[in-house]
Amino acid sequence: MSTLEGVPETVIEALFAEETRPRTIRMGKGLLLTLRGVNLNPESNPSDMVSLRLWVTANFIISTRRRKLLSVRDVVQDLENNEEPTSAADIVATLTETLTGRMASVITNLEDELSDLEESISEQIEAGQRDLLMKRRLEIIRLRRFLVPQKEAIHKLSQESQTWMTADQIAQVQEAANDITRYVEGLESLRERCLLMQEEFANLQAEKMNARMYVLSILSGIFMPLGFLTGLFGINIAGMPGTDSDLAFWVFCAVLVVLGGGQFLLMRKSRWF
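Numbering (my numbering), first residue to last: 1 to 273.
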């Protein structure tokens, strides 16, 4: 590969690098372009974005990737059908557009899922909602991690390609940059919504815990004096009243019921519950 029109060694290393981030770098007569596309392969997470590395000159393109990317497949099919794109510049502009276009459905799905989750949280907390929220928040973080630098990379591409792209192709790339900017802003909004929902989760859980503790405190207030009396009259010493009466136990139970009912009515009247 290093013999093809003097491809620099640094470019070859970048094309086969293990970890990449979106960027655009001018090197001599060529342009090193690294982009990311959402992973729409079967049984894959869209936020596990696929890296696409490109070495672009006015005459040819070298591209590398480790996994399938549907945007690349679309462009290859167009080339095989003798349809557009028809030049290196056109391929780059089309790839940029298709990579960006396929992100729209992913962002929209995240927005819809979070909207449904917000509605379900407002009605009732169910098992699994917190886990679902955490998964979606991690997806948003992963997408934003690459889309923020990709926005800058595509914007720089539109500036660096002034000499070998037509005005329409540059406008195509600039529109992709605008779309990426909109997606990044959307992800920022989704991230804030996730944080608000996490706070709502915490508040609702705290309210449920406080309600349970309040019920326990009321029950304790009712049964504490009753427990004191049962403990007092349960001691086995001489002189306890009622030990010789057959009705003493039932009288004592009636007193406890009256006392407990009186406490309940007093708390009710005082609007403790």
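Note that CB positions come from ideal geometry on N, CA and C, so glycine has one too.
Between the alpha carbons of Leu265 and Leu259 lies a gap of roughly 10 Å.
Under the three-state reduction of DSSP, Ser47 is assigned to coil, being neither helix nor strand. Segment contact: the segment 169 to 185 against the segment 218 to 236, fewer than three CB-CB distances shorter than 8 Å; contact not assigned. Comparing C-alpha distances from Leu70 to each of Glu185, Ile25 and Leu40 shows the shortest one belongs to Leu40. Secondary structure at Trp272: coil, using DSSP grouped into helix, strand and coil. Non-local C-beta neighbours of Lys29 in its own chain, meaning closer than 7 Å and more than five positions away in sequence, comprise Thr57, ordered along the chain. Distance check between Val92 and each of Glu119, Glu200 and Asn59 places Asn59 closest, using alpha-carbon atoms only.
Here Trp55 carries a strand assignment [DSSP, helix/strand/coil].
Taking every protein chain shown into account, the CB of Gln162 has fewer than 16 other CB atoms within 10 angstroms, so this residue is exposed. Here Leu196 is not near Leu110, since their CB atoms are 8 Å or more apart. In the three-state DSSP reduction, Arg130 falls in the helix class (H, G or I). The beta-carbon distance between Val50 and Arg73, rounded to whole angstroms, is 11 Å. This is too long to meet the 8 Å contact definition. No residue range can be given for Ser245, since it is assigned to no alpha helix (DSSP H) and is classified by DSSP as neither H nor E.
Straight-line spacing of the CA atoms in Glu13 and Asp112 works out to 40 Å. By the Cβ test, the segment 90 to 109 is not in contact with the segment 9 to 26, since fewer than three Cβ pairs between them sit closer than 8 Å. Put simply, the backbone Cα of Gly128 is about 11 Å away from that of Leu117. Here Ser63 carries a strand assignment [DSSP, helix/strand/coil]. Within a 10 Å sphere around the beta-carbon of Thr100 sit 16 or more other beta-carbons, which makes this residue buried.
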